[in-house]
Amino acid sequence: MRQTFIIGQQYLEQLKDYVHTRRVAGQYEYTQKQALHEALELLFASATIEARPAHIREQEESRRQRIRRGLPK
11 MRQTFIIGQQ
21 YLEQLKDYVH
31 TRRVAGQYEY
41 TQKQALHEAL
51 ELLFASATIE
61 ARPAHIREQE
71 ESRRQRIRRG
81 LPK
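My numbering puts the first residue of the sequence shown at 11, with every later residue one more than the last.
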């Protein structure tokens, strides 16, 4: 799934440096996507997460559909 995030310039630079470091160390095909997946796995492994209620998921889906169609609220 594709998702857009806004992150600070500092984090983006560190992410790029991290990927570069892994590539220089021999993992030539290592990507920013892989680095983000690993970071999220670590974050979620150490957190207690409560699932969003159905009505919140429905609101998110409705908003996503409006954005896809380009319709106003």
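Ideal Cβ positions, reconstructed from N, Cα and C, are used throughout, including at glycine.
What separation, rounded to the nearest whole angstrom, lies between the Cα atoms of residue i and residue j?
i: K26; j: R74; result: 29 angstroms
i: Q12; j: Q44; result: Before going further, note that residue 12 is Arg rather than Gln in the sequence given. Distance between the alpha carbons of R12 and Q44: 14 angstroms.
i: E60; j: F54; result: 11 angstroms
i: R33; j: H47; result: 17 angstroms
i: Q37; j: L22; result: 20 angstroms
i: E39; j: A49; result: 18 angstroms
i: R62; j: I16; result: 22 angstroms
Can you find the residues in the same chain that come closer than 8 angstroms, C-beta to C-beta, to residue i, ignoring five residues on each side of it along the sequence?
i: Q42; result: L25, K26, V29
i: G80; result: none
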